[in-house]
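Residue numbers (our numbering), protein chains in the order written: chain U, 1 to 257; chain F, 258 to 271. Don't be surprised by glycine CBs; every beta carbon is placed ideally from N, CA and C. In this text, all values refer to a predicted model and were calculated from it rather than measured experimentally. Working notes, structure below.
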């Protein structure tokens, strides 16, 4: 028996909107730790790791570890039917081939339940090693989204370089080239507007903008984004989910042949 | 030229 009650249901709606274009089908894993997911896109270039900790739910009952295969597009369709202020409860019985999403309006005058068919998904969990990153950039998530969108109108790939000067995003395409440099800036009115750069070693890595643009669908989840880079390792683009957990996107770099 | 690497090149099975 599984019953997870999330008062801020809009968080789950935003989570689905952020990953449904990158991943088609995925297993949601439920344990005493929380509600989580790890999945790769179909070409195995990017990986998404989601965690919603059990403490973040108003009610969290998970009698035994459960893995539920879901089509994320279908799940997003159902969650779209929840109001932004609705409380969402996820329910499943042991051995059942369905999951139920229950939506309650804040005033309790409208209660809906949507039952979705589960699916068998063959997916292997990958071990993500704990890494000390050479450079960690924290910046406003809207700024990062703007940069990825702007650069993708010029080129297909972005080179992200971190030096003492700041973080540079560069692209080249048929019509020309573009460079955007963001310097560390902590003298801002709101801490979330700051750009903070921690660098141990200079880093320069090349990535496909098609994927970074997918990641920025998570912008509504958090006002800041953290980009962790090490030479010759996948970049981690992390959006924290208010006191509950995170969505982390890992993207394999382009490597010189 | 550069080649797109895959995630499985870096992360192994858990």
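If you draw a straight line from the alpha carbon of residue i to that of residue j, how long is it in whole angstroms?
{"i": "residue 86 of chain U", "j": "residue 242 of chain U", "result": "17 Å"}
{"i": "residue 223 of chain U", "j": "residue 124 of chain U", "result": "32 Å"}
{"i": "residue 129 of chain U", "j": "residue 69 of chain U", "result": "25 Å"}
{"i": "residue 239 of chain U", "j": "residue 141 of chain U", "result": "8 Å"}
{"i": "residue 201 of chain U", "j": "residue 229 of chain U", "result": "10 Å"}
{"i": "residue 24 of chain U", "j": "residue 214 of chain U", "result": "13 Å"}
{"i": "residue 179 of chain U", "j": "residue 143 of chain U", "result": "14 Å"}
{"i": "residue 151 of chain U", "j": "residue 98 of chain U", "result": "42 Å"}
{"i": "residue 274 of chain U", "j": "residue 116 of chain U", "result": "Only positions 1 to 257 of chain U appear in the structure, and residue 274 of chain U is not among them; the question remains open."}
{"i": "residue 83 of chain U", "j": "residue 246 of chain U", "result": "22 Å"}
{"i": "residue 32 of chain U", "j": "residue 269 of chain F", "result": "25 Å"}
{"i": "residue 100 of chain U", "j": "residue 262 of chain F", "result": "38 Å"}
{"i": "residue 88 of chain U", "j": "residue 176 of chain U", "result": "48 Å"}
{"i": "residue 121 of chain U", "j": "residue 196 of chain U", "result": "40 Å"}
{"i": "residue 135 of chain U", "j": "residue 203 of chain U", "result": "7 Å"}
{"i": "residue 90 of chain U", "j": "residue 170 of chain U", "result": "43 Å"}
In the DSSP assignment, find the unbroken beta strand (DSSP E) run with residue i in it and report its ends.
{"i": "residue 250 of chain U", "result": "245 to 251"}
{"i": "residue 31 of chain U", "result": "First-last for residue 31 of chain U: undefined, no H or E at that position."}
{"i": "residue 228 of chain U", "result": "224 to 229"}
{"i": "residue 51 of chain U", "result": "46 to 53"}
{"i": "residue 162 of chain U", "result": "157 to 163"}
{"i": "residue 255 of chain U", "result": "254 to 256"}
{"i": "residue 59 of chain U", "result": "59 to 62"}
Among the options, which one has its Cα closest to the Cα of residue i?
{"i": "residue 30 of chain U", "options": "U:4, U:21, U:47, U:39", "result": "U:4"}
{"i": "residue 236 of chain U", "options": "U:244, U:220, U:207", "result": "U:207"}
{"i": "residue 52 of chain U", "options": "U:36, U:43, U:67", "result": "U:36"}
{"i": "residue 139 of chain U", "options": "U:114, U:167, U:151, U:115", "result": "U:167"}
{"i": "residue 185 of chain U", "options": "U:194, U:177, U:65", "result": "U:194"}
{"i": "residue 226 of chain U", "options": "U:100, U:209, U:250, U:211", "result": "U:250"}
{"i": "residue 46 of chain U", "options": "U:248, U:257, U:256, U:73", "result": "U:248"}
{"i": "residue 157 of chain U", "options": "U:164, U:165, U:163, U:174", "result": "U:174"}
{"i": "residue 40 of chain U", "options": "U:96, U:21, U:245, U:178", "result": "U:21"}
{"i": "residue 34 of chain U", "options": "U:64, U:17, U:98, U:192", "result": "U:64"}
{"i": "residue 146 of chain U", "options": "U:80, U:182, U:66, U:71", "result": "U:182"}
{"i": "residue 264 of chain F", "options": "U:234, U:198, U:95", "result": "U:234"}
{"i": "residue 10 of chain U", "options": "U:78, U:42, U:191", "result": "U:78"}
{"i": "residue 154 of chain U", "options": "U:172, U:160, U:221, U:162", "result": "U:172"}
Considering just the uninterrupted stretch of the alpha helix (DSSP H) at residue i, what are its terminal residues?
{"i": "residue 211 of chain U", "result": "209 to 215"}
{"i": "residue 146 of chain U", "result": "141 to 152"}
{"i": "residue 75 of chain U", "result": "72 to 79"}
{"i": "residue 238 of chain U", "result": "Looking at the DSSP string, residue 238 of chain U is not in any alpha helix (DSSP H); the run it does join, the beta strand (DSSP E), is 235 to 241."}
Can you tell me whether residue i is helix, strand or coil according to DSSP?
{"i": "residue 176 of chain U", "result": "strand"}
{"i": "residue 14 of chain U", "result": "helix"}
{"i": "residue 221 of chain U", "result": "helix"}
When Cβ atoms are compared, which residues of the region 201 to 222 of chain U fall closer than 7 Å to chain F?
206, 208
If the cut-off is 9 Å on Cβ atoms, which residues from the region 230 to 242 of chain U count as contacting chain F, listed in chain order?
Answer set for the region 230 to 242 of chain U: 232, 233, 234.
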